[in-house]
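Just below is one structure, and these are the notes that go with it.
Residue numbers (my numbering): 966 to 1244.
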(Lines of atoms letter the chains of each structure in order from A and count residues from 1; the text may use other names and numbers.)
(Lines give C-alpha, C1' and ligand atoms only; values in the text may rest on other atoms or scores of the structure.)
Protein backbone atom coordinates (compact mmCIF):
# COMPACT_ATOMS: atom_id res chain seq x y z
CA UNK A 1 0.00 0.00 0.00
CA UNK A 2 2.80 2.42 0.90
CA UNK A 3 4.44 1.94 -2.50
CA UNK A 4 1.14 2.48 -4.26
CA UNK A 5 0.60 5.77 -2.43
CA UNK A 6 4.12 6.96 -3.27
CA UNK A 7 3.59 6.06 -6.91
CA UNK A 8 0.35 8.02 -6.95
CA UNK A 9 1.94 11.05 -5.27
CA UNK A 10 4.70 11.05 -7.90
CA UNK A 11 2.08 12.03 -10.50
CA UNK A 12 0.55 14.81 -8.41
CA UNK A 13 1.82 18.39 -9.02
CA UNK A 14 4.41 19.54 -6.46
CA UNK A 15 2.18 21.98 -4.54
CA UNK A 16 -0.65 19.44 -4.29
CA UNK A 17 1.82 16.77 -3.21
CA UNK A 18 3.17 19.06 -0.51
CA UNK A 19 -0.36 19.76 0.76
CA UNK A 20 -1.01 16.03 0.81
CA UNK A 21 1.94 15.13 2.98
CA UNK A 22 1.41 17.91 5.55
CA UNK A 23 -2.38 18.03 5.69
CA UNK A 24 -2.54 16.40 9.15
CA UNK A 25 -0.13 18.90 10.71
CA UNK A 26 -2.58 21.56 11.81
CA UNK A 27 -2.25 20.84 15.52
CA UNK A 28 0.74 20.80 17.83
CA UNK A 29 1.95 17.16 18.10
CA UNK A 30 1.71 15.82 21.64
CA UNK A 31 5.33 14.59 21.52
CA UNK A 32 6.53 18.06 20.39
CA UNK A 33 8.14 16.51 17.32
CA UNK A 34 7.49 16.99 13.60
CA UNK A 35 9.09 14.58 11.13
CA UNK A 36 8.76 15.60 7.48
CA UNK A 37 11.77 13.63 6.26
CA UNK A 38 11.62 12.24 2.73
CA UNK A 39 8.41 14.08 1.76
CA UNK A 40 9.78 15.67 -1.44
CA UNK A 41 9.24 19.14 0.03
CA UNK A 42 10.45 22.13 -2.02
CA UNK A 43 9.31 24.71 0.50
CA UNK A 44 8.86 24.58 4.25
CA UNK A 45 5.20 24.45 5.39
CA UNK A 46 5.06 27.79 7.22
CA UNK A 47 2.12 26.86 9.46
CA UNK A 48 4.46 24.53 11.39
CA UNK A 49 6.07 27.71 12.77
CA UNK A 50 2.94 28.22 14.87
CA UNK A 51 3.91 25.18 16.98
CA UNK A 52 6.00 27.30 19.31
CA UNK A 53 6.56 24.49 21.84
CA UNK A 54 8.14 22.25 19.19
CA UNK A 55 11.36 20.55 20.39
CA UNK A 56 12.35 18.32 17.43
CA UNK A 57 12.03 19.10 13.72
CA UNK A 58 13.22 16.65 11.05
CA UNK A 59 13.35 17.91 7.45
CA UNK A 60 15.91 15.45 6.08
CA UNK A 61 15.89 14.15 2.51
CA UNK A 62 13.80 16.82 0.79
CA UNK A 63 14.49 19.50 -1.86
CA UNK A 64 14.71 22.53 0.43
CA UNK A 65 17.10 25.42 -0.29
CA UNK A 66 15.61 28.07 2.00
CA UNK A 67 13.62 28.49 5.21
CA UNK A 68 11.12 31.22 6.11
CA UNK A 69 11.94 33.90 8.73
CA UNK A 70 8.95 32.62 10.72
CA UNK A 71 11.03 29.59 11.71
CA UNK A 72 12.53 31.90 14.33
CA UNK A 73 9.30 31.52 16.32
CA UNK A 74 10.42 27.99 17.30
CA UNK A 75 12.55 29.15 20.20
CA UNK A 76 12.15 25.85 22.07
CA UNK A 77 13.64 23.81 19.24
CA UNK A 78 16.50 21.58 20.39
CA UNK A 79 16.99 19.26 17.40
CA UNK A 80 16.93 20.37 13.76
CA UNK A 81 17.73 18.02 10.86
CA UNK A 82 18.32 19.68 7.48
CA UNK A 83 20.54 17.00 5.97
CA UNK A 84 20.08 15.67 2.42
CA UNK A 85 18.64 18.88 1.00
CA UNK A 86 19.84 21.57 -1.45
CA UNK A 87 21.14 24.29 0.87
CA UNK A 88 24.02 26.31 -0.59
CA UNK A 89 24.08 28.55 2.46
CA UNK A 90 22.74 28.02 5.96
CA UNK A 91 19.61 30.16 6.38
CA UNK A 92 20.30 32.93 8.91
CA UNK A 93 17.11 32.13 10.79
CA UNK A 94 18.69 28.86 12.02
CA UNK A 95 21.22 30.92 13.97
CA UNK A 96 18.39 32.52 15.97
CA UNK A 97 17.30 29.18 17.47
CA UNK A 98 19.39 29.52 20.60
CA UNK A 99 18.16 26.36 22.33
CA UNK A 100 19.46 24.09 19.56
CA UNK A 101 21.58 21.22 20.89
CA UNK A 102 21.77 19.07 17.75
CA UNK A 103 22.06 20.36 14.18
CA UNK A 104 22.30 18.09 11.14
CA UNK A 105 23.49 19.80 7.95
CA UNK A 106 25.12 16.90 6.11
CA UNK A 107 24.74 16.16 2.41
CA UNK A 108 23.98 19.68 1.24
CA UNK A 109 26.06 22.12 -0.87
CA UNK A 110 27.53 24.28 1.88
CA UNK A 111 30.89 25.96 1.22
CA UNK A 112 30.96 27.86 4.51
CA UNK A 113 28.99 28.55 7.69
CA UNK A 114 27.86 32.02 8.80
CA UNK A 115 29.60 33.78 11.68
CA UNK A 116 26.18 34.04 13.36
CA UNK A 117 26.37 30.30 14.07
CA UNK A 118 28.36 31.32 17.15
CA UNK A 119 25.05 32.43 18.69
CA UNK A 120 24.16 28.75 19.14
CA UNK A 121 26.04 28.38 22.39
CA UNK A 122 23.98 25.35 23.47
CA UNK A 123 25.02 23.34 20.41
CA UNK A 124 26.54 20.00 21.36
CA UNK A 125 26.35 18.07 18.09
CA UNK A 126 27.12 19.40 14.61
CA UNK A 127 27.07 17.28 11.46
CA UNK A 128 28.37 18.96 8.29
CA UNK A 129 29.52 15.85 6.43
CA UNK A 130 29.34 15.57 2.63
CA UNK A 131 29.28 19.27 1.82
CA UNK A 132 31.71 21.48 -0.14
CA UNK A 133 33.92 22.69 2.72
CA UNK A 134 37.56 23.26 1.78
CA UNK A 135 38.37 24.42 5.31
CA UNK A 136 36.67 24.05 8.66
CA UNK A 137 34.86 27.35 9.28
CA UNK A 138 36.42 29.31 12.16
CA UNK A 139 32.99 29.79 13.71
CA UNK A 140 32.93 26.09 14.65
CA UNK A 141 35.73 26.82 17.11
CA UNK A 142 33.42 29.22 18.97
CA UNK A 143 30.85 26.55 19.86
CA UNK A 144 32.23 26.01 23.35
CA UNK A 145 29.88 23.15 24.37
CA UNK A 146 30.35 21.12 21.18
CA UNK A 147 30.88 17.42 21.96
CA UNK A 148 30.50 15.77 18.53
CA UNK A 149 31.72 17.13 15.18
CA UNK A 150 31.21 15.22 11.95
CA UNK A 151 32.99 16.92 9.04
CA UNK A 152 33.71 13.87 6.89
CA UNK A 153 33.45 13.71 3.10
CA UNK A 154 34.41 17.32 2.44
CA UNK A 155 37.67 18.70 0.97
CA UNK A 156 39.50 19.62 4.18
CA UNK A 157 43.31 19.74 4.00
CA UNK A 158 43.96 20.94 7.56
CA UNK A 159 42.24 22.00 10.77
CA UNK A 160 42.50 25.39 12.51
CA UNK A 161 44.60 25.63 15.66
CA UNK A 162 41.67 27.30 17.43
CA UNK A 163 39.89 23.93 17.46
CA UNK A 164 41.68 23.09 20.72
CA UNK A 165 39.49 25.70 22.43
CA UNK A 166 36.65 23.17 22.25
CA UNK A 167 37.45 21.48 25.52
CA UNK A 168 34.11 19.64 25.58
CA UNK A 169 34.76 17.99 22.20
CA UNK A 170 34.87 14.22 22.54
CA UNK A 171 34.30 12.84 19.02
CA UNK A 172 35.60 14.12 15.69
CA UNK A 173 34.85 12.41 12.36
CA UNK A 174 37.10 13.50 9.46
CA UNK A 175 36.89 10.54 7.09
CA UNK A 176 36.94 11.11 3.35
CA UNK A 177 38.80 14.44 3.28
CA UNK A 178 42.11 15.55 1.71
CA UNK A 179 44.35 15.43 4.78
CA UNK A 180 47.97 14.64 3.91
CA UNK A 181 49.20 15.05 7.50
CA UNK A 182 47.60 14.04 10.75
CA UNK A 183 46.03 17.30 12.05
CA UNK A 184 48.56 18.70 14.53
CA UNK A 185 45.88 20.42 16.60
CA UNK A 186 44.42 17.04 17.61
CA UNK A 187 47.68 16.24 19.40
CA UNK A 188 46.84 19.05 21.84
CA UNK A 189 43.34 17.77 22.62
CA UNK A 190 43.78 15.10 25.31
CA UNK A 191 40.04 15.11 26.03
CA UNK A 192 39.17 13.53 22.64
CA UNK A 193 37.71 10.02 22.88
CA UNK A 194 37.13 9.16 19.20
CA UNK A 195 39.22 10.30 16.22
CA UNK A 196 38.27 9.17 12.71
CA UNK A 197 40.64 10.05 9.85
CA UNK A 198 39.69 7.12 7.61
CA UNK A 199 40.01 7.59 3.84
CA UNK A 200 42.48 10.46 3.69
CA UNK A 201 46.04 10.72 2.31
CA UNK A 202 48.02 10.60 5.54
CA UNK A 203 51.45 8.99 5.08
CA UNK A 204 52.74 9.14 8.64
CA UNK A 205 51.08 9.01 12.06
CA UNK A 206 52.63 10.60 15.14
CA UNK A 207 52.23 8.90 18.50
CA UNK A 208 48.80 9.34 20.10
CA UNK A 209 49.82 7.59 23.31
CA UNK A 210 49.65 10.82 25.32
CA UNK A 211 45.95 11.39 24.53
CA UNK A 212 44.71 10.15 27.88
CA UNK A 213 40.98 10.04 27.06
CA UNK A 214 41.30 8.35 23.66
CA UNK A 215 39.22 5.19 23.23
CA UNK A 216 39.08 4.69 19.47
CA UNK A 217 41.13 5.83 16.47
CA UNK A 218 40.09 4.95 12.90
CA UNK A 219 42.85 5.50 10.35
CA UNK A 220 42.14 2.88 7.69
CA UNK A 221 42.48 3.59 3.94
CA UNK A 222 45.44 5.95 4.27
CA UNK A 223 48.79 5.42 2.46
CA UNK A 224 50.57 5.37 5.82
CA UNK A 225 53.71 3.38 6.58
CA UNK A 226 53.04 3.05 10.29
CA UNK A 227 50.18 2.60 12.71
CA UNK A 228 49.67 5.33 15.30
CA UNK A 229 50.97 4.40 18.73
CA UNK A 230 48.23 4.51 21.33
CA UNK A 231 47.91 3.91 25.05
CA UNK A 232 46.91 0.53 26.40
CA UNK A 233 43.24 -0.25 25.86
CA UNK A 234 42.73 2.14 22.95
CA UNK A 235 41.05 0.50 19.95
CA UNK A 236 42.53 1.02 16.49
CA UNK A 237 40.98 0.38 13.08
CA UNK A 238 43.49 0.29 10.23
CA UNK A 239 46.53 -1.42 8.77
CA UNK A 240 48.85 -3.13 11.27
CA UNK A 241 46.27 -2.70 14.02
CA UNK A 242 44.44 -5.47 15.82
CA UNK A 243 41.80 -7.24 13.77
CA UNK A 244 38.71 -5.07 13.96
CA UNK A 245 35.57 -4.80 11.86
CA UNK A 246 35.36 -1.68 9.73
CA UNK A 247 32.68 0.59 11.23
CA UNK A 248 29.59 1.12 9.15
CA UNK A 249 29.07 4.93 9.00
CA UNK A 250 25.30 4.51 8.76
CA UNK A 251 25.21 2.44 11.95
CA UNK A 252 27.53 4.90 13.64
CA UNK A 253 25.21 7.75 12.70
CA UNK A 254 22.14 5.94 14.03
CA UNK A 255 23.99 5.17 17.24
CA UNK A 256 25.07 8.79 17.68
CA UNK A 257 21.57 10.10 17.03
CA UNK A 258 20.04 7.70 19.55
CA UNK A 259 22.59 8.48 22.24
CA UNK A 260 22.63 12.25 21.79
CA UNK A 261 18.85 12.52 21.86
CA UNK A 262 18.61 10.49 25.06
CA UNK A 263 17.52 12.19 28.23
CA UNK A 264 20.66 11.24 30.10
CA UNK A 265 23.45 13.74 29.98
CA UNK A 266 26.26 11.21 30.49
CA UNK A 267 28.74 10.60 27.69
CA UNK A 268 27.71 7.37 25.91
CA UNK A 269 29.86 4.27 25.97
CA UNK A 270 31.45 3.17 22.70
CA UNK A 271 28.98 1.32 20.45
CA UNK A 272 29.62 -2.39 20.09
CA UNK A 273 29.76 -2.00 16.30
CA UNK A 274 33.03 -0.07 16.75
CA UNK A 275 34.67 -2.60 19.03
CA UNK A 276 36.47 -5.82 18.07
CA UNK A 277 34.88 -9.17 18.89
CA UNK A 278 35.35 -10.47 22.42
CA UNK A 279 36.49 -7.05 23.70
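We put the CB at the ideal spot given by N, CA and C, even for glycine. Bear in mind that the values here come from a model prediction, so they are computed numbers and not experimental data.
Indicate whether residue i and residue j have their beta-carbon atoms separated by less than 7 Å.
i	j	result
residue 1193	residue 1170	yes
residue 1076	residue 1060	no
residue 1113	residue 1136	yes
residue 1182	residue 1160	yes
residue 997	residue 1020	yes
residue 1110	residue 1133	yes
residue 1011	residue 1035	yes
residue 1187	residue 1167	yes
residue 1184	residue 1198	no
residue 1158	residue 1178	yes
residue 1017	residue 1038	yes
Residues in the same chain with beta-carbon distance under 8 Å from residue i, minus the five sequence neighbours each way, listed in chain order, please.
i	result
residue 1048	1025, 1026, 1069, 1070, 1071, 1072, 1073 and 1092
residue 1053	1030, 1073, 1074, 1075 and 1076
residue 1147	1162, 1167, 1169, 1170, 1171 and 1193
residue 1106	1125, 1127, 1128, 1130 and 1131
What's the gap between the Cα of residue i and the Cα of residue j?
i	j	result
residue 1065	residue 1190	42 Å
residue 1095	residue 1139	11 Å
residue 1085	residue 1127	18 Å
residue 1129	residue 1103	12 Å
residue 1180	residue 1015	44 Å
residue 1022	residue 1116	22 Å
I need the boundaries of the beta strand (DSSP E) containing residue i, first residue and last residue.
i	result
residue 1092	1090-1092
residue 1044	1044-1046
residue 1069	1067-1069
residue 1021	1021-1023
Kindly indicate which residue of the options has the alpha-carbon position closest to the one of residue i.
i	options	result
residue 1055	1115, 1014 and 1079	1079
residue 1249	1002, 1042 and 1173	Any property of residue 1249 remains undetermined from this structure, which presents the chain solely from 966 to 1244.
residue 1090	1046, 1038 and 1122	1046
residue 931	1164, 1086, 995 and 1152	This structure does not reach residue 931, given that the chain is present from 966 up to 1244, and the question cannot be answered.
residue 1033	1017, 1044 and 1009	1009
residue 1081	1062, 1175 and 1067	1062
Grab me the residues of residue i's own chain with a C-beta within less than 6 Å of its C-beta, minus the 5 sequence neighbours each way, in chain order.
i	result
residue 1001	1024
residue 1083	1104 and 1107
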